[in-house]
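Participant: Okay, here's the structure, questions in a sec.
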Amino acid sequence: MKNTNKTPNYYIGKYYKYEARKVIADWELSYNVGNSVTYLLRCGKKTEKGMSNIDKHIEDVKKAIHHLEFELEELEKKKLSKIRLNHI
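If you want this note's numbering, it's the position in the sequence shown, counting the first as 1, plus 1289.
In structure tokens form, the structure reads like this:
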């Protein structure tokens, strides 16, 4: 039977062969930070039909930033709710 769960090469480090998902799990990163790391690790490595390599690289960096913005929103919400709870 063919293994359909093969990790693409753009998610594996060149020299030490670390897998992005294992790094994210080991560091216990949140969903959004983990996604950001994944996009940053693969940027410049993943290609997409119909896109130049530089455009794909830019897209991946923008996606990473977008997920970091989501993370900041979540942290700000937690911070506000904690402040509100402390004033009750």
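For glycine and all other residues, C-beta sits at the position ideal for the given N, C-alpha and C.
Once the 5 residues before and after residue 1346 are set aside, which same chain residues still bring their CB inside 8 Å of it?
Facilitator: 1332, 1333
Participant: If we ignore side chains and look at the alpha-carbon of each, how far apart do residue 1329 and residue 1349 end up?
Facilitator: 7 Å
Participant: So for residue 1317, helix, strand or coil by DSSP?
Facilitator: coil
Participant: Rounded to whole angstroms, what's the CA-CA distance from residue 1294 to residue 1317? Just pull it up for me.
Facilitator: 22 Å
Participant: Do residue 1322 and residue 1356 come within 9 Å of each other at the CB atom, strictly closer than that value?
Facilitator: Yes; because the gap between Cβ atoms is below 9 Å, this pair is in contact.
Participant: Pop quiz: residue 1300 and residue 1314 are said to be a contact at Cβ under 8 Å. What is the actual Cβ separation, rounded to whole angstroms?
Facilitator: 13 Å between Cβ atoms; not a contact.
Participant: Might you give, ordered along the chain, the residues of its own chain that have their beta carbon closer than 8 Å to the beta carbon of residue 1360, omitting 5 neighbours on each side?
Facilitator: 1319, 1321, 1322, 1325
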